[in-house]
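Below is one structure; the comments refer to it alone.
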């Protein structure tokens, strides 16, 4: 018995070490956003400064890339959530021909390597002479996040008792009224989770975007392009702000969910 | 109208998946059999030799990608399983907190995380530079641009995708089943090997699937951490498509990569039993 308790302690310590390992690059990113560096490279600590926060938007290309990323993430999230929720509803609530095939393609969309997805989209755009720009980026981001929204919405809808919707209809609600006043509020947590996932996937994507971007540059593409010449500290600051906002939203969401139950 | 509802609901997604997932695959298959160049254009010549040429030219990178992806997957399994085990059985009321901490890296972009490793491991950076300053490491010691750096980067970046599915399957194991095994005089090791491990295999399967495929096809870690001698197939496909504009070679390589991964998954699935695959796929 004592041996097993020691084993548990060691595993506990081990789990914390892994968490530490996973978080260490985040700590480095945040720390070096405060580094008072003089040269182009940002690899040695040279003192504390808030300069990079004040000069956050001083690199026009970088600012444009960040704005591009945010706009693309927003637009593709809205499209993905609307059509993904519709398909999630169809799969979770209805019987129809082609359901099996649809499930297969949803699974295929999740499991296709990003690289193959990007390469095949570029093949299509090259074959069809479609100019690559922000529009083609949105198309590809909707494609790789769609399945995730479908899966989260479907998971939520199958836990919803269908008799609630039947009751609403028996009380004279129209199909649209039932959806808006009963179904949608009930599946909202799933829809929101899907939306956050779609936004996170979009703003983070490098591989697919690198194939279909044309001359439009997004935040991850700009960073990779800057690796050879040295990453400016503003990138660290932007990464830190995105990280902070993301964590706050996630914690807020968890607290709200706990209060609801 | 009511009978049409599911079809109307599914229609936009069907169209999106058909036009932007299925048609591009067909387009890529077609391009992979064409010949020509970016200036004069490409024409369909059904040249299956494109595949032989592309594989022959880049067999090193193809095999290296499978090796690196495989090594990283094994490392993730070995590193991640104990974490998933401890959180599932001993996490108590703090399970959610531990899972949140494991997912923390996902709030930072993949590219930035990998670049942070580049910072951390750079030849005279905060880690190696300090150790060298203390005389603990020889001046020419380096980690970047080695196999270890790339496999380590892949392991780091995809580890949570291995831990989560294993955690989910272990979380479902009723602790009383383990107690029952121990009451029947199984040692802790035997109870783990004969009860817990088999019950967690679907999670292991899902974890391997979710990590091996993206790790093998990933171009970012090799580009940022690997220097010039650790190029993976993802980097080659990117270069052929975007720099050399050799669309047929790039398409042939993409298809080869996908075929190899599919065959790999199939063999792996046969070895583990199809029920596990279906169960993993259904989740």
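Chains as they are written, first to last, in my numbering: chain A, 196 to 456; chain B, 1030 to 1312. No residue lacks a Cβ here, since even glycine has one placed at the ideal position from N, Cα and C.
Does any C-beta atom of chain A lie closer than 8 Å to the C-beta of residue i?
i                      : result
residue 1255 (chain B) : no
residue 1124 (chain B) : no
residue 1036 (chain B) : yes
residue 1270 (chain B) : yes
residue 1266 (chain B) : yes
residue 1287 (chain B) : yes
residue 1194 (chain B) : no
residue 1292 (chain B) : no
residue 1136 (chain B) : yes
residue 1053 (chain B) : yes
residue 1068 (chain B) : no
residue 1231 (chain B) : no
residue 1098 (chain B) : no
residue 1263 (chain B) : yes
In the DSSP assignment, what residue or residues form a beta bridge with residue i?
i                      : result
residue 243 (chain A)  : A:230
residue 1065 (chain B) : B:1071
Under 8 Å, Cβ to Cβ, is there at least one residue of chain B near residue i?
i                     : result
residue 401 (chain A) : yes
residue 231 (chain A) : no
residue 209 (chain A) : yes
residue 438 (chain A) : yes
residue 457 (chain A) : The question about residue 457 (chain A) has no answer, for chain A in this structure spans 196 to 456.
residue 450 (chain A) : no
residue 284 (chain A) : yes
residue 322 (chain A) : yes
residue 415 (chain A) : yes
residue 397 (chain A) : no
residue 332 (chain A) : no
residue 254 (chain A) : no
residue 266 (chain A) : no
By the 10 Å Cβ neighbour count, where 16 or more other Cβ atoms means buried, how is residue i classified, buried or exposed?
i                      : result
residue 455 (chain A)  : exposed
residue 1042 (chain B) : buried
residue 1214 (chain B) : exposed
residue 1284 (chain B) : buried
residue 439 (chain A)  : exposed
residue 1061 (chain B) : buried
residue 256 (chain A)  : exposed
residue 215 (chain A)  : exposed
residue 1300 (chain B) : exposed
residue 233 (chain A)  : exposed
residue 196 (chain A)  : With a pLDDT of 42 at residue 196 (chain A), under the threshold of 50, the predicted position of this residue should be treated as unreliable, and no value is reported.
residue 1159 (chain B) : exposed
residue 449 (chain A)  : exposed
residue 1048 (chain B) : exposed
residue 1183 (chain B) : buried
residue 1206 (chain B) : exposed
Check the Cβ of residue i against every Cβ in chain B and list those closer than 9 Å, keeping chain order.
i                     : result
residue 240 (chain A) : 1155
residue 195 (chain A) : The structure shown has nothing for residue 195 (chain A), since chain A only spans 196 to 456.
residue 355 (chain A) : Those do not exist, as residue 355 (chain A) stays about 16 Å from chain B at its closest Cβ, beyond 9 Å.
residue 352 (chain A) : Within chain B, no residue comes near residue 352 (chain A); the closest Cβ sits about 12 Å away, beyond 9 Å.
residue 257 (chain A) : Going along chain B, no residue has its Cβ under 9 Å from residue 257 (chain A), so there is no contact; the nearest lies around 13 Å.
Please confirm if residue i has its CB atom under 8 Å from at least one CB of chain D.
i                      : result
residue 1249 (chain B) : Of the protein chains in this structure, namely A and B, none is chain D.
State the CB to CB distance for the pair residue i and residue j, rounded to an integer number of angstroms; the pair is presumed to be in contact (CB under 8 Å).
i                      : j                      : result
residue 1248 (chain B) : residue 1261 (chain B) : 6 Å
residue 297 (chain A)  : residue 286 (chain A)  : 7 Å
residue 1137 (chain B) : residue 418 (chain A)  : The Cβ separation is near 11 Å, so there is no contact.
residue 1046 (chain B) : residue 284 (chain A)  : At roughly 16 Å, the Cβ-Cβ gap does not stay under 8 Å, so residue 1046 (chain B) and residue 284 (chain A) are not in contact.
residue 333 (chain A)  : residue 267 (chain A)  : 6 Å
residue 1180 (chain B) : residue 1104 (chain B) : 7 Å
residue 1102 (chain B) : residue 1244 (chain B) : 6 Å
I want to verify the contact list: residues of chain B whose CB lies under 8 Å from the CB of residue i, in sequence order.
i                     : result
residue 203 (chain A) : 1115 and 1119
residue 309 (chain A) : 1243 and 1246
residue 419 (chain A) : 1140, 1249, 1252 and 1253
residue 394 (chain A) : Chain B residues near residue 394 (chain A): none, gap ~12 Å exceeds 8 Å.
residue 314 (chain A) : 1057, 1266, 1270, 1279, 1280 and 1283
residue 278 (chain A) : 1041, 1042 and 1045
Against residue i, what residues of chain A qualify as contacts under a CB-to-CB distance less than 9 Å, listed in chain order?
i                      : result
residue 1351 (chain B) : There is simply no residue 1351 (chain B) to check, as chain B begins at 1030 and stops at 1312 in what is shown.
residue 1112 (chain B) : 206, 209, 210, 213 and 214
Give the residues of chain B in contact with residue i, contact being defined as C-beta atoms less than 7 Å apart.
i                     : result
residue 337 (chain A) : 1045
residue 319 (chain A) : 1052, 1053 and 1056
residue 434 (chain A) : 1137, 1138 and 1141
residue 422 (chain A) : 1144 and 1253
residue 382 (chain A) : Those within 7 Å of residue 382 (chain A) in chain B number zero; the least Cβ separation is about 13 Å.
residue 476 (chain A) : Here chain A comprises residues numbered 196 to 456, so residue 476 (chain A) is not present and cannot be evaluated.
By the criterion of Cβ-Cβ separation under 7 Å, what are the contact partners of residue i in chain A?
i                      : result
residue 1146 (chain B) : 220
residue 1179 (chain B) : Within chain A, no residue comes near residue 1179 (chain B); the closest Cβ sits about 15 Å away, beyond 7 Å.
Examine the ligand ATP and report whether any of its heavy atoms sits within less than 7 Å of the Cβ of residue i.
i                      : result
residue 1206 (chain B) : What this structure holds is no ligand at all, so the ligand ATP is not there to describe.
Listing by chain order, which chain A residues have their CB less than 8 Å from the CB of residue i?
i                      : result
residue 1204 (chain B) : The premise fails here: residue 1204 (chain B) is roughly 13 Å from chain A at the closest Cβ pair, so nothing lies under 8 Å.
residue 1162 (chain B) : Those within 8 Å of residue 1162 (chain B) in chain A number zero; the least Cβ separation is about 11 Å.
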